[in-house]
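Before any comments, here is the structure.
Number of protein chains: 2
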Amino acid sequence: MDFAATKALFDLPKGVIYLDGNSLGPLPRATPARVARTLSEEWGAALITAWNSAGWMAQPRALGDRIGRLIGAEPGSVVVGDTLSIKVYQALAAALDMRPGRRKILSDSGNFPTDLYMAEGLIGALGKGHELLTPPPEEVADHIDDDLAVLMLTEVDYRTGRRHDMAALTRAAHAAGALVIWDLAHSAGALEVDLAGCGADFAAGCTYKYLNAGPGAPAFIYVAPHLADAARPALSGWMGHEAPFAFDPDYRPGPGIERMRVGTPPVIQMAALEAALDIWDGVDMAALRARSIALSEHFIAGVEAAAPMLALASPRDPARRGSQVSFRFEHGYAAMQALIARGVIGDFRAPDIMRFGIAPLYIDEDDIDRAVAEIGTVMGEKLWDRAAFRARAAVT
Amino acid sequence: MDFAATKALFDLPKGVIYLDGNSLGPLPRATPARVARTLSEEWGAALITAWNSAGWMAQPRALGDRIGRLIGAEPGSVVVGDTLSIKVYQALAAALDMRPGRRKILSDSGNFPTDLYMAEGLIGALGKGHELLTPPPEEVADHIDDDLAVLMLTEVDYRTGRRHDMAALTRAAHAAGALVIWDLAHSAGALEVDLAGCGADFAAGCTYKYLNAGPGAPAFIYVAPHLADAARPALSGWMGHEAPFAFDPDYRPGPGIERMRVGTPPVIQMAALEAALDIWDGVDMAALRARSIALSEHFIAGVEAAAPMLALASPRDPARRGSQVSFRFEHGYAAMQALIARGVIGDFRAPDIMRFGIAPLYIDEDDIDRAVAEIGTVMGEKLWDRAAFRARAAVT
C-alpha cells in the first residue's frame, strides 16, 4: 500500500495539518463502523457469549501479534492491555525479581516522566533500597556496570526525538549481566524496531500515538520468549492465570506472555485498535522509515530557511532521530498556539520545545510545505507575540 | 423513573431473558450514539485538543462522582480507571503502607479469585512476610485481631450472592486497628451501599456488571476522604501526579483521590460508561433494592415449585443476599447450556452453581415467570441430560 492510499484511510478535519500524531493519532475512517459492530452486533446481540463467539478473550494476544510484526517481536511474545504505566511497572517488577542481588536501575533524564514515576513507586513499595539513576541520555552507557539490575529506557525522546542505539545499549547492559526494558511509545509505528534482533528482554508501548488506536487505547508489553516463563508477575490478575475460569484460590501464572495479562481487557478500545491495525498490516516498515526521514529532512530544511529563529532541538542526523522534529523557541507555547489557530497542529513541551510529529501514513509533502509556510508566517510576523498578549489578557 | 421506563432504555435481543447482567450488563440504547460522538465529533474533529475541549481529562473524576452517589461515597472520593484487579492492588498497597507494623491480611475463601491473586502478587513483591488468610466467609469475624493490617472482602459473593455485613465487619476491623477494603463488583448498581456511613477506608468495583458500561469498562476506586491525602500510591503514574503536564522528573502525588489515577484514561470506554450512567442518574437505589428483592423472592418461589431438584445456594433471607439467586445442581453446566439454548441466559460457576442475576433495570415479573417456566421444562424433561450428551459427543 502506498502512502497516498493510507492517507485516504484517515478522517482528517478539513484545513488541518496534523503534526501531533505522536500525542494522539487521528481517526481511521473504518474505526466508527468497527466499534459500532462491537457495540451492537457483539455486545448488544451476543451479550455474555461474545467473550468467546466474538473472540474478545483472544483479542489481547491476537492484537499483540499484529503489533509484534511492527516492532520485530517473535510471534506470541506481545500482549495488549492496561496502560503504558502499568506495563512498565510489570516489566520492571519482573526484571528486578530476576536480579535479586542488584540494586541499581538505570534510566535517563530524558525518559518520559511516568516511567520514572512508576519506578519510584515500585522502589518505594519494595523497600529494598533500589536506586534509580537518571543521567543525561548521552551519558547512560557510562553508568552500566556490574551493580546494574535493569536498564530502562525510552528509545525515542518525547521532547527532542533523539533516538538511543537500542542494539548497542542492550548489548552493553547484557555484558554487565543486567536486563533491559525498552519503552517504545515513540517507536511503535514510527520507525523500524527489531526487538528480537537486539535481544531486548522486555518492552512496552502505547497504541494511541503512531498506531492511531484512539484516546485511551490499550498498551502492549513484550517479554523475550526465553524469559517469559520465568517472569514473576507482580500484578497477578485472573486473566494472567493459567486457567482464569477455574476460579482457583491460588494464582498459577499462565504460559509465557499470557501471565502479563491482568484484568478484563478493554473490548471497545480493542475494537478501535483492530481497525487501526488493519491499516498497519499493509505497511512496509522500511518504506515507512524512508518516507519519515525524507519528510523530516524536507521539514527541517524548510523551517530553517523560513524561520531562522527556531533552533533545531532534534539530532540533525536522521539515523539518530525518531519520527518527530523539535525546535527550541523561547516563546514556543504562544507560537504553537498561533500555529494551531492557523490549522497546523503540533505540540509544546516545557520549557521551550515546539514538537512536530511526522507520520507518513497521513502526512505528505504538500502538508509539510503548507506547515512550513505557516511557521514562516507565524515567526516572521511575530504572531506568537500577539497570541501571547491574548493569552495574558484572557488570564488576567 | 419507573422500571418499565428503564427497561425501554436497553437494547435486549428478542426472545432473550437476560439473567447474566452480573457478568456483563446489556447494551443501553443510547450507548452506540454516545460512543460514535466521541469517535467522530471529539476524537475525529478535535484531535488532541479534545483532551480539554471534550472534557476527557476530567472524565475519571466526573464519572467517579456519579458512581459515588450509587455507593454512598462522599463527593470527590471516587475515580474511574484501569481494571478492578489494578484498583484492588492500589488499595491494598496503600492500606498495607499505612499499617507497617502488621502482617496479616484477612479475606475469605469466597472472595473473587483475582482479589486474592493480586494480594498474593503484592505480598510476593513486597517480600515482607505478609500473610493472606482466607477462612470461610462466615468465620471472617473470628479472625479479626490486633495483628490484622487489612480486612479485604467482596461484599456480595460471586457464586452464591451471600452478602457480608459491611457495617459490622468494618466496625470490628476498625476496633482492632485495621483498615478495610470493600470490593463492590456485585454491589454497585445491585443494592444500596453506604460507604461513608459504614466508615469504609477503601473500595473498588467494576462498571461492566450491574452498571452496564460494556465489556472491558473501567473500574473505580474509593478512598475515604480523611485517608486520601495520606495514601501512598504504589502505582504512581503520571495522571496521578500533582501536575501531569509539568513533566517533573519526580513524582508528587496529586491531591486526594487524584493520586489513584495511573495512566491515560480509556476515553472510548468512558463514553460508554457515561451513557450507562445517564440511566442510573434517574434511579432511586432504595426503590431498586425493593424491586430486586421482590423479583428475587418471586423467582425463588417459582423455581422451588417448578424444579425441586435445584437446591437454593443463596441465603434465603433477602437481607443477606445481593441481587442474584443461585442454585446448586450436579449437572448445572449442562442444565445452563440447555436453558441458554432456550433463551434464558444465566451463568454457571464451578463446581455446581447455576447463577441468575436479577437486574431490575431491565428484568420484570413477566421475565421471571418465563424464566421459571423454562427452568421447569429443562429440569422436568431432563433436557440437561440430552445437552450433556451432545456436549460429550461434540468433545470426543
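Protein chains in written order, with the numbering used here: chain A, 108 to 503; chain B, 108 to 503.
C-beta atoms are modelled at their ideal positions from N, C-alpha and C, and glycine is treated no differently.
Query	Result
Return helix, strand or coil for K114 of chain A, following the three-state DSSP convention.	helix
Can you name the residues that DSSP bridges to P135 of chain A?	A:F117
Excluding sequence positions up to five away, which residues of its chain have a Cβ less than 6 angstroms from the Cβ of P351 of chain A?	W345
Report the neighbours of E227 of chain A on chain B: residues whose CB is nearer than 7 angstroms to its CB, in chain order.	S343, Y358
So what does V123 of chain A bridge to, in DSSP terms?	According to DSSP, which records beta bridges pairwise, V123 of chain A is partnered with nothing at all.
Just confirm the distance between the C-beta atoms of I90 of chain B and I375 of chain A, as a whole number of angstroms; I'd bet it's less than 8 angstroms.	Chain B is shown only over 108 to 503; residue 90 of chain B falls outside these bounds and no answer can be derived.
Please report the distance separating the alpha-carbon of R206 of chain B from that of M367 of chain B.	19 angstroms
With the cut-off set at 9 angstroms, would you say I475 of chain A and L402 of chain A are in Cβ contact?	yes
Quick check: the Cα distance between M273 of chain B and D355 of chain B, rounded to an integer number of angstroms?	41 angstroms
At a Cβ cut of 8 angstroms, what residues of the stretch 453-466 of chain A count as close to chain B, listed as they run along the chain?	D454, R456, A457
Given that P243 of chain B touches chain A, what residues does it touch there, using C-beta distances under 9 angstroms?	Within chain A, no residue comes near P243 of chain B; the closest Cβ sits about 12 angstroms away, beyond 9 angstroms.
Give me the Cα-Cα distance between F219 of chain B and Y265 of chain B, rounded to the nearest whole angstrom.	7 angstroms
Alpha carbons only, please: which of A:M392, A:A457, A:A201 is nearest the one belonging to F110 of chain A?	A:M392
Assuming contact is defined by CB atoms lying nearer than 9 angstroms, are R435 of chain A and I460 of chain A in contact in what I supplied?	yes
Shorter than 9 angstroms from the beta carbon of Q431 of chain A to some beta carbon of chain B?	no
What separation, rounded to the nearest whole angstrom, lies between the Cα atoms of T503 of chain A and T190 of chain A?	For T503 of chain A, the pLDDT reaches just 46, beneath the cut-off of 50, and the residue's location in the model is therefore unreliable, although a value from the coordinates is still provided. One C-alpha to the other measures close to 37 angstroms.
From B:T113, B:N129, B:A143, pick the residue whose C-alpha is nearest to that of I452 of chain B; which is it?	B:N129
Could you compute how far the alpha carbon of D127 of chain B sits from the alpha carbon of R462 of chain B?	8 angstroms
First and last residue of the alpha helix (DSSP H) that includes I251 of chain B?	Here I251 of chain B belongs to no alpha helix (DSSP H), and DSSP marks it neither H nor E.
Which whole-angstrom value is the C-beta distance of L119 of chain A and P133 of chain A, which I expect to be below 8 angstroms?	6 angstroms
For a test of the three-state rule: what should DSSP assign to A442 of chain A, helix, strand or coil?	helix
List, in order along the chain, the chain B residues whose C-beta lies closer than 7 angstroms to that of D249 of chain A?	By Cβ distance, chain B contributes nothing, its closest Cβ being about 19 angstroms from D249 of chain A, past 7 angstroms.
On the DSSP bridge list, what partners appear for D454 of chain A?	A:R462
Alpha carbon to alpha carbon, how far is A275 of chain A from A303 of chain A? Give it in angstroms, no decimals.	14 angstroms
Closer than 8 angstroms by beta-carbon distance: list the chain A residues that pair up with P425 of chain B, in chain order.	Going along chain A, no residue has its Cβ under 8 angstroms from P425 of chain B, so there is no contact; the nearest lies around 25 angstroms.
Count Cβ pairs between the stretch 284-302 of chain B and the stretch 442-451 of chain B that sit closer than 8 angstroms; are there 3 or more?	no
Could one say the Cβ of F309 of chain A lies closer than 9 angstroms to chain B's Cβ atoms, at least one of them?	no
R511 of chain B: which of B:K194, B:V263, B:L291, B:I251 sits nearest, CA to CA?	Since the first residue of chain B shown is 108 and the last is 503, residue 511 of chain B is not available in this structure.
I'd like the span of the alpha helix (DSSP H) that includes Y196 of chain A, first residue to last.	191-204
Please confirm if the stretch 425-432 of chain B is in contact with the stretch 475-485 of chain B, defined as three or more CB-CB distances below 8 angstroms between the two stretches.	no
Identify, in the order they occur along the chain, each residue of the same chain with its Cβ nearer than 6 angstroms to the Cβ of R456 of chain B, setting aside the five sequence neighbours on each side.	R266, R462
Between the Cα of D308 of chain A and those of A:K235, A:L286, A:R168, spot the shortest distance and give me the residue it belongs to.	A:L286
Output needed in chain order: residues of the stretch 115-128 of chain A with a Cβ under 7 angstroms from some Cβ in chain B.	D118, P120, Y125, D127
Which residues does DSSP pair with F354 of chain B in a beta bridge?	In the DSSP output, where bridge partners are listed per residue, F354 of chain B has none listed.
Output yes if chain A places a C-beta closer than 9 angstroms to the C-beta of M346 of chain B; else output no.	yes
Do you know whose CA, among B:P322, B:I288, B:A201, B:G347, lies nearest A152 of chain A's CA?	B:P322
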